[in-house]
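>
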Amino acid sequence: MNYPQPLEDLINEFMKYPGIGRKTAERYALYTVNKFDIAAAHDFASTIIAAKEKIIQCPICGHLTETNPCSICADTNRNQTIILIVESPKDVFTIEKSGKYHGLYHVLNGNLSPLNGIGPEELNLKTLWSRVQNEIIKEVIIATSATQEGEATAMYIKRVLKDIDLVVSRIAYGVPVGANLEYTDDLTLNLAIENRHKF
Amino acid sequence: MKIKTVALTNFRNYRKQIVTLGQGLNFIIGSNGEGKTNFLEALYVLSLVKSYKAADRDLILNGNGPSRIVATLETSTKTIELAVAFSETGKAASFNRQAVDRLSDYIGIMNVVLFTPEDMTLVKGGPADRRYFIDVVLGQVDKDYLYDLTQFKHALKQRNELLKQMQDKKINDLVVLEVITEQMADYGSKVIIKRKAFIEQLSKNASEMYRYLTSKDDTMVVKYAPSITNDYRQELKAKIATDLSSGTTNYGPHRDDIEWVLAGQTAKFYASQGEQRLIVLSVCMALCNYYAEIKSDRPIFLLDDVFSELDAEKQNRLIQYLLKSESQAIITATSLIEIADIYKQQAKIYHVFKGSIREEQQHGQS
Ligand SMILES: Nc1ncnc2c1ncn2[C@@H]1O[C@H](COP(=O)(O)OP(=O)(O)O)[C@@H](O)[C@H]1O
Ligand SMILES: [Mg+2]
Ligand SMILES: [Zn+2]
Chain A
23 MNYPQPLEDL INEFMKYPGI GRKTAERYAL YTVNKFDIAA AHDFASTIIA
73 AKEKIIQCPI CGHLTETNPC SICADTNRNQ TIILIVESPK DVFTIEKSGK
123 YHGLYHVLNG NLSPLNGIGP EELNLKTLWS RVQNEIIKEV IIATSATQEG
173 EATAMYIKRV LKDIDLVVSR IAYGVPVGAN LEYTDDLTLN LAIENRHKF
Chain B
871 MKIKTVALTN FRNYRKQIVT LGQGLNFIIG SNGEGKTNFL EALYVLSLVK
921 SYKAADRDLI LNGNGPSRIV ATLETSTKTI ELAVAFSETG KAASFNRQAV
971 DRLSDYIGIM NVVLFTPEDM TLVKGGPADR RYFIDVVLGQ VDKDYLYDLT
1021 QFKHALKQRN ELLKQMQDKK INDLVVLEVI TEQMADYGSK VIIKRKAFIE
1071 QLSKNASEMY RYLTSKDDTM VVKYAPSITN DYRQELKAKI ATDLSSGTTN
1121 YGPHRDDIEW VLAGQTAKFY ASQGEQRLIV LSVCMALCNY YAEIKSDRPI
1171 FLLDDVFSEL DAEKQNRLIQ YLLKSESQAI ITATSLIEIA DIYKQQAKIY
1221 HVFKGSIREE QQHGQS
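If you read the protein sequences in the order shown, they are chains A and B.
In the numbering used here, each residue carries its 1-based index in the first sequence increased by 22.
In the numbering used here, each residue carries its 1-based index in the second sequence increased by 870.
Written out as structure tokens, the structure is:
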């Protein structure tokens, strides 16, 4: 027997999330219908809308923020001469939690991957090129993953920046090869940033 | 490493079977379709937790599981128990009755070298068959090789996709191509170096083995036929126009081959069936030596239907070699008619009939 249409619709919504297949989506949908009362359902729906309405991508660094620019870009106490380039907003949260880095960020929103149809145009690179024109920037640290895609992205950025008077360094991967920043503990992460090497 | 006893439950055409094996030669004799290959396959599966020729579900007796293989083995230092189980829902392995979390930790405990008639594709098949063979062997003993190869293949896919997109004018960024090309070349170069070294060593061992088996001065050598002989990075740069116009990567380890050369001639075209079989056998023996050197424990030979197309003299030389090497070998055959009595007396002989194996009590004609 098929699910009633509204339930089927909800299942399809959950399936839009990465890593969620039909089975999990069914469980979530059934749970929502069985366990949420109508007020909780309204809360859930409006929370999604509020998050979507209030969160923007910082026009400077690309990080997710409620304010324009984001609190990191707006913080004049931070080291304004250095930019750490990461793949995703998630990496910014991870590194900020470790509390040892005090420079600026730039979020690419992905890595180069022809197989996934991601070229330079699809990444948040245009704003990076204009940011580094500002003479106050002395160093960029590239902290993309040690995967094939992350390495390609790092090499690409380095190549484009080669004529600009700037130190370009790559995060030192004491991190197991092929690892994502997301799964790296604070200590290794701090070491990785401190031991970055010229690239 | 030697198998002492092995117990099969619901594996292929074996419902319940316990076999106590000898430490040296073990002959499994039977007519076609009785279960000889199935028995060797079980030992292979015990080692690698997958078959070399079938999907997991095909291993279960009439599809009614679970299917289990349990064995006690003797290494140079201790006795261990290995077990694998297959069911409709999946598979599992255990070491000394302790379930292992990751199969990759289990694979490699027991080492086997298998010869099957299908291995003849090593000579007769295409380059992809031969590359696969090299990659499996090297990958098993060298994790760095496996990593570089995986990265190379991934970068290659990216590059081919990019070349296609550039051909369709969807993208026109040469820097991206340069970057991915360099990456691919760096991984690819490491693959090439390791393949070259491995094939040189294999050739030395295998040609010695070939000479032993044939007792002739015929030389058999294995030659690496790489797609690229110069610096890979430079070669790719020099030939970029070809790649751009064809929309794919035309040079590199993915186009490598190896060549078997018998008395100066390419074996694929010149060697007889029997000679081709001897080549593959020599390679199996050479591999056994290769593993033994690296793992300091001799692997177990599994030789399926190895005697067909070999004359009596070569069959006996093979047996002589196996006895001398002190390896454990499990050998299937339809008959031992050509094997000398002195060798048979040093072996254990089993008869298989409709999925049931029985040891021959006294040594005699079979
Ligand atoms: N999963 C299975 N369940 C039951 N019988 C099987 C299964 N797989 C193969 N067989 C049977 O095993 C026999 C083949 O055994 P095999 O070991 O290949 O023979 P041979 O002695 O010629 O090497 C065939 O009769 C086949 O039907
Ligand atoms: Mg058979
Ligand atoms: Zn910002």
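We put the CB at the ideal spot given by N, CA and C, even for glycine.
#1: Could you spell out the range, first to last residue, of the alpha helix (DSSP H) harbouring Tyr-914 (chain B)?
#2: Under 8 Å: do the region 1157 to 1170 of chain B and the region 1112 to 1129 of chain B share three or more Cβ pairs, one atom per stretch?
#3: Enumerate in chain order the residues of its own chain whose CB-to-CB distance from Lys-961 (chain B) is below 7 Å, with the five nearest sequence positions on each side excluded.
#4: Counting only Cβ pairs nearer than 7 Å, list the residues of chain B close to Gly-41 (chain A).
#5: Going by DSSP, what residue range makes up the alpha helix (DSSP H) through Ala-1024 (chain B)?
#6: Along the chain, where does the beta strand (DSSP E) that runs through His-1221 (chain B) open and close?
#7: Determine the contact status of Leu-943 (chain B) and Lys-874 (chain B), defining contact as a CB-CB distance below 8 Å.
#8: Suppose you measure from the CA of Leu-1072 (chain B) to the CA of Thr-116 (chain A); what does that come to, to the nearest Å?
#9: Please classify Thr-175 (chain A): is it buried, with 16 or more other beta-carbons within 10 angstroms of its beta-carbon, or exposed?
#10: Is Thr-87 (chain A) near ligand 3 - that is, is its Cβ less than 7 Å away from at least one heavy atom of it?
#11: Check whether the Cβ of Ser-110 (chain A) lies closer than 8 Å to any Cβ atom in chain B.
#12: Check each candidate in A:Cys-92, A:Lys-45 and A:Ala-63 and name the one with the smallest Cα separation from Lys-76 (chain A).
#13: Along the chain, which unbroken stretches of the beta strand (DSSP E) at least 3 residues long are found entirely within the region 1123 to 1158 of chain B?
#14: Rounded C-beta distance between Ile-899 (chain B) and Tyr-1220 (chain B)? I'm assuming under 8 Å.
#15: With distances taken between CB atoms, is the gap from Val-993 (chain B) to Trp-1130 (chain B) smaller than 8 Å?
#16: Count the other CB atoms, across all protein chains shown, that sit within 10 Å of the CB of Leu-137 (chain A); report buried if there are 16 or more and exposed otherwise.
#17: Check each residue of the region 1014 to 1034 of chain B: if its Cβ is closer than 7 Å to any Cβ of chain A, include it; give the result in chain order.
#18: What are the uninterrupted segments assigned as alpha helix (DSSP H) that are 4 or more residues long and contained completely in the region 64 to 144 of chain A, given in chain order?
#19: Can you tell me whether Ser-1097 (chain B) is helix, strand or coil according to DSSP?
#20: Excluding the 5 residues preceding and the 5 following Leu-1032 (chain B) in the sequence, name in chain order all residues of the same chain whose CB lies nearer than 8 Å to its CB.
#21: If the cut-off is 7 Å on Cβ atoms, which residues from the region 163 to 176 of chain A count as contacting chain B, listed in chain order?
#22: I'd like the list of long-range same chain contacts for Arg-192 (chain A), defined as Cβ closer than 7 Å, with 5 residues on each side in sequence excluded.
#23: Compare the C-beta of Asp-1043 (chain B) against all C-beta atoms of chain E and say whether one is closer than 8 Å.
#24: Report the residues of the region 182 to 196 of chain A with a CB closer than 8 Å to any CB of chain B, ordered along the chain.
#25: Answer with yes or no whether the minimum CB distance from Val-1049 (chain B) to chain A is below 8 Å.
#26: Alpha helix (DSSP H) containing Gln-1198 (chain B): first to last residue?
#27: Within the continuous alpha helix (DSSP H) that includes Gln-1071 (chain B), where are the two ends?
#28: Cutting at 7 Å between CB atoms, please list the residues of its own chain near Tyr-123 (chain A), excluding the five before and the five after it.
#29: Return yes when the Cβ of Phe-1003 (chain B) is within less than 8 Å of the Cβ of Pro-1123 (chain B), no when it is not.
#30: At a CB-CB cut-off below 7 Å, which residues of chain B make contact with Leu-134 (chain A)?
#31: Any idea what DSSP makes of Val-1274 (chain B), helix, strand or coil?
#32: Determine the DSSP secondary structure at Met-990 (chain B), reduced to helix, strand or coil.
#33: Quick one: what does DSSP say Arg-1001 (chain B) is sitting in, helix, strand or coil?
#34: Please state the DSSP three-state secondary structure of Ser-1178 (chain B).
#35: Using a Cβ cut-off of 9 Å, pull out every chain A residue sitting near Gln-1053 (chain B), in sequence order please.
#36: Quick check: what's the CA-CA separation for Arg-100 (chain A) versus Glu-1052 (chain B)?
By the coordinates alone:
#1: Here the alpha helix (DSSP H) through Tyr-914 (chain B) covers 906 to 918.
#2: The region 1157 to 1170 of chain B vs the region 1112 to 1129 of chain B: no contact.
#3: Counting only residues of its own chain and dropping the five nearest sequence neighbours on each side, Lys-961 (chain B) has a CB closer than 7 Å to the CB of Val-919, Asp-926, Val-954 and Ala-955.
#4: Ordered by position in chain B, no residue passes the 7 Å Cβ test against Gly-41 (chain A), which lies about 21 Å from the chain.
#5: Before going on, a small fix: residue 1024 (chain B) reads as His here, not Ala. Taken as a continuous stretch (DSSP letters only), the alpha helix (DSSP H) holding His-1024 (chain B) covers 1013 to 1037.
#6: His-1221 (chain B): member of the beta strand (DSSP E) spanning 1217 to 1222, first to last residue.
#7: A contact, by the Cβ cut-off of 8 Å.
#8: Thr-116 (chain A) has its alpha-carbon roughly 49 Å from the corresponding atom of Leu-1072 (chain B).
#9: Label assigned to Thr-175 (chain A): buried.
#10: Yes, the beta carbon of Thr-87 (chain A) sits closer than 7 Å to at least one heavy atom of ligand 3.
#11: It does not; no Cβ of chain B falls within 8 Å.
#12: The shortest C-alpha separation from Lys-76 (chain A) is found at A:Cys-92.
#13: Counting only runs of 3 or more, we get 1127 to 1132.
#14: Rounded, the Cβ-Cβ distance is 7 Å, consistent with contact.
#15: Yes; because the gap between Cβ atoms is below 8 Å, this pair is in contact.
#16: By the neighbour-count rule (16 or more Cβ atoms within 10 Å), Leu-137 (chain A) is not buried but exposed.
#17: Taking 7 Å as the Cβ-Cβ cut-off against chain A, the residues of the region 1014 to 1034 of chain B that qualify are Gln-1021, His-1024, Ala-1025, Lys-1027, Gln-1028, Glu-1031 and Leu-1032.
#18: Those alpha helix (DSSP H) runs which fall completely within the region 64 to 144 of chain A and span 4+ residues are 93 to 96 and 111 to 120.
#19: Coil.
#20: So the qualifying residues of the chain are Ile-1041, Val-1046, Leu-1047 and Ile-1050.
#21: Interface annotation for the region 163 to 176 of chain A against chain B: Gln-170, Glu-173 and Ala-174, criterion Cβ-Cβ distance under 7 Å.
#22: Residues of the same chain with a CB within less than 7 Å of the CB of Arg-192 (chain A), apart from the 5 flanking positions on each side, are Ile-164, Ala-176, Arg-218, His-219 and Phe-221 in chain order.
#23: Although the question refers to chain E, the structure presented lacks it and instead comprises the protein chains A and B.
#24: So the close ones are Val-182.
#25: Residue contact check for Val-1049 (chain B) against chain A: a CB pair falls below 8 Å.
#26: That residue, Gln-1198 (chain B), is in no alpha helix (DSSP H); it is neither H nor E in DSSP.
#27: Here the alpha helix (DSSP H) through Gln-1071 (chain B) covers 1044 to 1084.
#28: Leu-106, Ile-117 and Ile-215.
#29: 8 Å or more divides the Cβ of Pro-1123 (chain B) from the Cβ of Phe-1003 (chain B).
#30: Within chain B, the residues near Leu-134 (chain A) are Val-1046.
#31: No information on residue 1274 (chain B) is available, as it lies outside the stretch 871 to 1236 that chain B covers here.
#32: Three-state DSSP puts Met-990 (chain B) in a helix.
#33: In this structure, Arg-1001 (chain B) counts as helix in the three-state DSSP scheme.
#34: Of the three classes helix, strand and coil, the one that applies to Ser-1178 (chain B) here is coil, per DSSP.
#35: What Gln-1053 (chain B) touches in chain A: Gln-170, Glu-173, Ala-174 and Met-177.
#36: Approximately 36 Å, taken between the alpha carbons.
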